[in-house]
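Residue numbers (this note's numbering): 4 to 453. The structure appears below as structure tokens.
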């Protein structure tokens, strides 16, 4: 086995749009030594004054912990959509989720325009079996409206002991009545990698998210595809990253490293240039240089965009589908006292050619749109990172001409015969169709890796 990149990298917040994240190994955050200005101290004094007045005079006795947590999250939400505070329970759930096993419904949610919206449902979980899909809006939990709740509060209400029931009220289309969906919580075991032979000549690799089990699962999956001399018959591989909301940075790096021999995979740049990092490939290719096509769509975000962007820049694979979500920031996880943690945006990431995809996304080499059923057209639309309130701008792009503003699609047909993107990829690999972007030009790959 090749030696792969590893490090202390932790998962993003459970229940939110999954983010690329890393951890601070010392467990303690030490702020700048710079003295705060007199104005800063004055504002802090005002905060303390307001806090005490609320405690003393509010019509009902407030919960101090809720007041403080709300104030912290209010501060962080003024920075960007992905910085937030996680209490002890949230942090524990985050760690469990990215180990690939946790208790819950198997649904990823985000708060968008004050609506609790589903980002994706994990395969073979209560959520997916109940038919919950991207862009469904949850309006109530156990008949209690979610309006006015924070994302953390809504996620907390959906938690509960395994084998206990929960009812979600779902809005799929404003022209269709709301639907109550009853689910039973269970232990969610995430199989993030699934492989399959398409016919006897194409290896199909589906990665649904990047957990601690992703790279080991990829190695085992490719070995299974190639076992018994089947590798000789394979014309190429399809790496399906559609509707993959992201996950662990080290897993994205290791997956990319599995398919390229050398050169940069990704770099991260923050406010302090001394903390900038670049990650490079090691020798070896698990599929021995055979042709590859990567599938993406509007639900492909963060870690999945790192993989797609690197393979595209190195001309190792052709990217096919529709524009990705456009989340190009990294959240550091800073453990705090009380067993909570601060999820703080600390840097942007850049592809090997120096591209920032923040609020822009990855443009496919070959654009292929799925045919969305008419009844799903409204709820299938995704606006991407650029639609999130307070999102960070792209440093390489005029925000007035933000290309990420186009409506994105995250629809994947349940029946393979209706999957336009997958079938287009298979026809290209089998030589039944041709395109100038497949196979990609290796000259650019050589230039990037010198």
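Beta carbons are placed, not taken as given, at the ideal position from N, Cα and C, and that holds for glycine.
Residue burial classification, residue i (beta-carbon count within 10 angstroms, cutoff 16)
i: residue 306; result: buried
i: residue 237; result: buried
i: residue 436; result: exposed
i: residue 121; result: buried
i: residue 424; result: buried
i: residue 275; result: exposed
i: residue 309; result: buried
i: residue 377; result: exposed
i: residue 213; result: buried
i: residue 167; result: exposed
i: residue 134; result: exposed
i: residue 434; result: exposed
i: residue 296; result: buried
i: residue 344; result: buried
i: residue 461; result: Since the first residue shown for the chain is 4 and the last is 453, residue 461 is missing from the structure and cannot be characterised.
i: residue 258; result: buried
i: residue 299; result: buried
i: residue 155; result: buried
i: residue 138; result: buried
i: residue 332; result: buried
i: residue 56; result: exposed
Residue range of the unbroken alpha helix (DSSP H) whose run includes residue i
i: residue 428; result: 423-432
i: residue 129; result: 129-132
i: residue 94; result: 91-102
i: residue 160; result: 154-161
i: residue 310; result: 306-316
i: residue 77; result: 67-80
For residue i: DSSP bridge partner residues
i: residue 147; result: 144
i: residue 459; result: Residue 459 is absent from the model: the chain starts at 4 and stops at 453.
i: residue 352; result: 271
i: residue 346; result: 87 and 336
i: residue 280; result: 271
i: residue 384; result: 412
i: residue 111; result: 123
i: residue 364; result: Paired residue(s): none; residue 364 is not in a bridge.
i: residue 441; result: 438
i: residue 369; result: 323
i: residue 183; result: 172
i: residue 224; result: Bridge partners of residue 224: none, in fact.
i: residue 50; result: Per DSSP, none; premise fails for residue 50.
i: residue 292; result: Looking at the DSSP assignment, residue 292 forms no beta bridge with any residue, so it has no partner.
i: residue 262; result: Beta-bridge pairing links residue 262 to no other residue.
Reduced DSSP category for residue i - H, G, I as helix; E, B as strand; rest coil
i: residue 60; result: helix
i: residue 275; result: coil
i: residue 338; result: strand
i: residue 218; result: helix
i: residue 393; result: coil
i: residue 359; result: strand
i: residue 379; result: helix
i: residue 446; result: helix
i: residue 331; result: coil
i: residue 32; result: Here the model assigns residue 32 a pLDDT of 38, short of 50, so the residue's position is not dependable, and the following value carries that caveat. Here residue 32 sits in coil by DSSP.
i: residue 106; result: strand
Run of the beta strand (DSSP E) containing residue i, from where it starts to where it stops
i: residue 296; result: 295-299
i: residue 201; result: 196-201
i: residue 120; result: 118-124
i: residue 192; result: 189-192
i: residue 173; result: 168-174
i: residue 241; result: 239-243
i: residue 208; result: 205-210
i: residue 324; result: 321-324
is_contact[residue i, chain C] using C-beta, thresh 8 Å
i: residue 336; result: The displayed structure is made up of one protein chain only, and chain C is not part of it.
*Would the stretch 166-181 and the stretch 132-143 be scored as touching if the rule is three or more Cβ pairs under 8 Å?*
yes
*Could you tell me whether the stretch 118-133 touches the stretch 270-288, using the rule of 3 or more Cβ pairs below 8 Å?*
no
*Quick one: any contact between the stretch 364-371 and the stretch 319-332, if contact means 3 or more CB pairs under 8 Å?*
yes
_Contact the stretch 180-196 vs the stretch 91-109: 3+ CB pairs below 8 Å_ = yes
*Taking three-plus beta-carbon pairs below 8 Å as touching, is the stretch 336-344 in contact with the stretch 312-320?*
no
*Hey, is the stretch 339-357 in contact with the stretch 85-92, meaning 3+ C-beta pairs nearer than 8 Å?*
yes
*Are the stretch 148-161 and the stretch 229-236 touching by the rule of at least three beta carbon pairs closer than 8 Å?*
no
*Is there contact here, the stretch 201-209 with the stretch 242-249, by at least three beta-carbon pairs under 8 Å?*
yes
*Determine, using beta-carbon pairs with one atom in the stretch 284-301 and one in the stretch 254-267, whether at least three such pairs fall under 8 Å.*
yes
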